[in-house]
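S.K.: Got a structure here, written out as structure tokens. Questions coming.
Protein chains in written order, with my numbering: chain H, 27 to 474; chain R, 17 to 87.
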């Protein structure tokens, strides 16, 4: 591997370029018209323009990216997260062109990308799954029947849905009957597909995921968990490791289930197995992310290893350079995602950053993709930076995170920094007693 | 007459109504899209749509009027 094309943008492109550089591997960035001035484009050894701002014409344009790889003679492609990272057809085309795809096989991406196939494979492997229907329900009576067989409360879900749209919690038959028609109508209007599913709704759940890594010899290890329960609109805002909620027995069981999941599909590369965990600490498989995760730095800072370096090794066919018995939580790590959004309504706030000054503190890592003068456009994800603090104790990590957020200076756009500071001061967060309802249940303080 | 304004900057992702439609309170009229997020704009009260000022793909700024309703 001599030259890696990074098929992504922003902070993650920059992050991948950094490790490649450390390993003596040349890098190629790709960019749309909107991203020409971004730091990652400048920092790569080469940069290739791939199209206009909307993602279908640039970062999701498979042939444009392959053409860039050929023009620059890249011998490997790193897809980052989001965009084409979990696109089976893309992985296939990369391999067809004789280029190394840094990730699992297209087959595994396809299997895990299909919710029902993933559920079936995990069920067969003995990984617990959320009880629910594996077939869409066609009528309201079928939905009621299904709900009765798995027990209320249930979640009514649009098959084509995502980001929380088309999802509704129903506590009893009456609620389900009332919700069914409107949810179906919404699904039709939004996605042009009104197939609905009914599954068991886990009340007050935690969202906890396990990092895994597998090599081409069939070896799969886990790299412990990340607690990701602080979410707004089903998007993560704060993550930490180790989880303050898990006891040792549950942690071990969860990590073993993740290894089982990885082995069930012959996973190669780094990946994440997401679980929901209820208040009694029963856990269920949610999905598997067949790529590097946004919050991967939490694991890196906790354990002290470079997950991108691990990806590069695995992709080149080398056996895992780290053994399970050497994986321990050496530090407590917390990640805060800085979004270009209103800190109260959480609505996006695109614009030009007139001043950008990230904190420089010991044991605080900043993975960012912007600088003074960067235009934050409405075309892409609102996340502009990640702050990862760590300490020998959770308290130390929280205190460092507070200092970092107080020092962070971003003007010209609205950011969620005031909100992140409130989270860090929240009694329930400080006590480590929170679940996925944390943000909805908080009483918002006055912020502006 | 009631004017419905965009609550964020972004592009028009869906237009769910047209002039002449009767709408009920809470009904989604337009879906905006910005930074990968789809945000529906709903009617505050019932009324008849007199004008839809945007088309799918249009860029709007926060505060721009997108739909006009009459009581």
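Using N, Cα and C, we set each Cβ at its ideal position, and we do this for glycine too.
If you're wondering where the values come from, they're calculated on a predicted model, not measured in any experiment.
1. Below 8 angstroms on the Cβ atoms is my contact criterion, and I expect residue 47/R with residue 32/R to pass it. Report the Cβ-Cβ distance as a whole number of Å.
2. Could you name the residues of chain R that residue 407/H contacts, counting a contact when the two beta carbons are closer than 8 angstroms?
3. Between which two residues does the beta strand (DSSP E) carrying residue 53/H extend?
4. What's the call for residue 345/H, buried or exposed, on a 16-neighbour Cβ count within 10 Å?
5. Using 8 angstroms for Cβ pairs, my map puts residue 402/H next to residue 379/H. What's the rounded Cβ distance?
6. With DSSP as the reference, label residue 356/H as helix, strand or coil.
7. Measure from the C-beta of residue 37/R to each C-beta in chain H and report whether the shortest distance is under 8 angstroms.
8. Check residue 61/H in the structure and name its three-state DSSP category.
9. What beta strand (DSSP E) runs, 3 residues minimum, are completely inside the region 218-265 of chain H?
10. Going by DSSP in three states, residue 369/H sits in which element: helix, strand or coil?
11. For residue 264/H and residue 214/H, what's the separation of their Cα atoms in angstroms?
12. Could you tell me which residues DSSP pairs with residue 56/R in its beta bridges?
13. Taking C-alpha atoms, which residue in 120/H, 226/H and 169/H lies nearest to residue 132/H?
14. Have a look at 262/H, 260/H and 238/H and flag the residue whose alpha-carbon is nearest the alpha-carbon of residue 251/H.
15. Would you mind reading off the limits of the beta strand (DSSP E) that contains residue 19/R?
16. Would you decide whether residue 473/H is buried or exposed? Buried here means 16 or more other CB atoms lie within 10 Å of its CB.
17. When DSSP labels each residue in this structure, what does residue 132/H get in the three-state scheme?
18. Report yes if the CB atom of residue 465/H is closer than 8 angstroms to the CB atom of residue 424/H, and no otherwise.
19. At the level of alpha carbons, what is the spacing between residue 67/H and residue 179/H?
20. Does the distance from the C-beta atom of residue 25/R to that of residue 83/R stay below 8 angstroms?
21. In terms of residue numbering, what span does the alpha helix (DSSP H) encompassing residue 449/H cover?
22. Consult DSSP for residue 437/H and reduce its assignment to one of helix, strand or coil.
23. Under 6 angstroms Cβ to Cβ from residue 458/H, same chain only, skipping five residues before and after it: list those, please.
24. Please say whether residue 44/R and residue 58/R have beta carbons closer to each other than 8 angstroms?
25. Would you mind telling me which residues of chain R sit closer than 7 angstroms to residue 373/H, beta carbon to beta carbon, in chain order?
26. Would you mind telling me which residues of chain R sit closer than 7 angstroms to residue 215/H, beta carbon to beta carbon, in chain order?
27. Do you know how far the Cα of residue 233/H is from the Cα of residue 147/H?
28. Please state the DSSP three-state secondary structure of residue 31/R.
29. What are the partner residues of residue 382/H, as DSSP defines its beta bridges?
30. Beta-carbon within less than 6 angstroms of residue 227/H's beta-carbon, same chain only, minus the 5 sequence neighbours each way: which residues are those?
31. With distances taken between CB atoms, is the gap from residue 248/H to residue 285/H smaller than 8 angstroms?
32. At what residue ranges does the region 407-435 of chain H contain a whole run of the beta strand (DSSP E), taking only runs of 3 or more?
33. Using a Cβ-Cβ cut-off of less than 9 angstroms, give me the residues of the region 376-401 of chain H that come near chain R, in sequence order.
34. Cβ of residue 78/R within 8 angstroms of Cβ of residue 35/R?
35. Could you check if residue 447/H is buried or exposed, using at least 16 other CB atoms within 10 Å of its CB as the buried criterion?
36. Suppose contacts are defined by Cβ-Cβ distances below 8 angstroms. Is residue 475/H in contact with residue 418/H by that definition?
M.R.: Once the coordinates are examined:
1. Counting from one through the second chain, the residue named residue 47/R turns up at place 31. Counting from one through the second chain, the residue named residue 32/R turns up at place 16. Yes, they are in contact, since the Cβ atoms of residue 47/R and residue 32/R sit about 7 angstroms apart, within 8 angstroms.
2. As a working mapping, residue 407/H is identified with position 381 in the first chain. Simply 51 and 52.
3. To locate residue 53/H, count along the first chain from 1; it is residue 27. Start and end: 52-58.
4. Position 319 of the first chain holds residue 345/H. Counting every other CB atom within 10 Å of its CB across the protein chains shown gives residue 345/H a total below 16, marking it as exposed.
5. Sequence index remark: in the first chain, residue 402/H carries index 376 (1-based). Sequence index remark: in the first chain, residue 379/H carries index 353 (1-based). Confirmed, Cβ separation roughly 6 angstroms.
6. Within the first chain, numbered from 1, the residue matching residue 356/H stands at position 330. If DSSP states are grouped into helix, strand and coil, residue 356/H belongs with coil.
7. What you label residue 37/R is simply residue 21 of the second chain in a count that begins at 1. Taking Cβ atoms only, chain H never reaches closer than 8 angstroms to residue 37/R, which makes this a no.
8. As a first step, residue 61/H is located in the first chain; it is residue number 35 there, counting from the start. Residue 61/H sits in a helix when the DSSP states are folded into three classes.
9. With a minimum length of 3 residues, the continuous beta strand (DSSP E) runs that stay inside the region 218-265 of chain H are 222-226, 232-240 and 246-258.
10. Here the question's residue 369/H lines up with position 343 in the first chain. For residue 369/H, the three-state secondary structure derived from DSSP is coil.
11. By one-based count along the first chain, residue 264/H stands at place 238. By one-based count along the first chain, residue 214/H stands at place 188. Spanning the two alpha carbons is a distance of roughly 33 angstroms.
12. Here residue 56/R refers to the residue found at position 40 when the second chain is read from its first residue. DSSP lists 47/R as partners of residue 56/R.
13. Start at 1 with the first residue of the first chain, and residue 132/H comes out as number 106. Cα-wise, what sits closest to residue 132/H is 120/H.
14. For the purposes of this step, residue 251/H is taken as the residue at position 225 of the first chain. Nearest C-alpha to residue 251/H: 238/H.
15. By 1-based counting over the second chain, the position of residue 19/R is 3. Unbroken beta strand (DSSP E) run through residue 19/R: 18-21.
16. The count along the first chain starts at 1 and reaches residue 473/H at position 447. Note that residue 473/H scores 43 on pLDDT, short of 50, meaning its location in the model is unreliable and no value can be drawn from it.
17. Here residue 132/H refers to the residue found at position 106 when the first chain is read from its first residue. In this structure, DSSP gives residue 132/H a helical state, which the three-state scheme calls helix.
18. What you label residue 465/H is simply residue 439 of the first chain in a count that begins at 1. What you label residue 424/H is simply residue 398 of the first chain in a count that begins at 1. No, they are not a contact pair.
19. Here residue 67/H corresponds to residue number 41 of the first chain, with the count starting at 1. Here residue 179/H corresponds to residue number 153 of the first chain, with the count starting at 1. Straight-line Cα distance between these residues: approximately 49 angstroms.
20. Taking the second chain and counting its residues from 1, one reaches residue 25/R at position 9. Taking the second chain and counting its residues from 1, one reaches residue 83/R at position 67. Pairing residue 25/R with residue 83/R gives a Cβ-Cβ distance that is not under 8 angstroms.
21. Counting from 1 along the first chain, the entry for residue 449/H is found at position 423. That run of the alpha helix (DSSP H) goes 443-451.
22. Taking the first chain and counting its residues from 1, the one referred to as residue 437/H is at position 411. The answer is strand: DSSP assigns residue 437/H an E or B state.
23. Counting from 1 along the first chain, the entry for residue 458/H is found at position 432. Cβ neighbours of residue 458/H beyond the five flanking positions: 270.
24. Working through the second chain from its first residue, we reach residue 58/R at position 42. Working through the second chain from its first residue, we reach residue 44/R at position 28. A contact, by the Cβ cut-off of 8 angstroms.
25. Indexing the first chain from 1 puts residue 373/H at position 347. The answer, in chain order, is 23, 24 and 55.
26. Locating residue 215/H in the first chain gives position 189, counting from the first residue. What residue 215/H touches in chain R: 32.
27. Locating residue 147/H in the first chain gives position 121, counting from the first residue. Locating residue 233/H in the first chain gives position 207, counting from the first residue. Their Cα atoms are separated by approximately 21 angstroms.
28. Taking the first residue of the second chain as position 1, residue 31/R is located at position 15. Residue state, collapsed to three classes: strand.
29. Locating residue 382/H in the first chain gives position 356, where the first residue counts as 1. 436/H, per the DSSP bridge assignment.
30. Locating residue 227/H in the first chain gives position 201, where the first residue counts as 1. Taken in chain order, the residues that qualify are 179, 180, 181 and 195.
31. Translated into the one-based positions of the first chain, residue 248/H becomes position 222. Translated into the one-based positions of the first chain, residue 285/H becomes position 259. Against a cut-off of 8 angstroms, the Cβ pair of residue 285/H and residue 248/H comes out as a contact.
32. If we require 3 residues or more, the beta strand (DSSP E) runs fully inside the region 407-435 of chain H come out as 409-417.
33. 376 and 377
34. In the second chain, the residue the question calls residue 78/R occupies position 62. In the second chain, the residue the question calls residue 35/R occupies position 19. The answer is no: Cβ separation not under 8 angstroms.
35. Locating residue 447/H in the first chain gives position 421, where the first residue counts as 1. Residue 447/H is buried by the Cβ-count criterion.
36. The displayed coordinates of chain H run from 27 to 474. Any statement about residue 475/H would go beyond what the structure contains.
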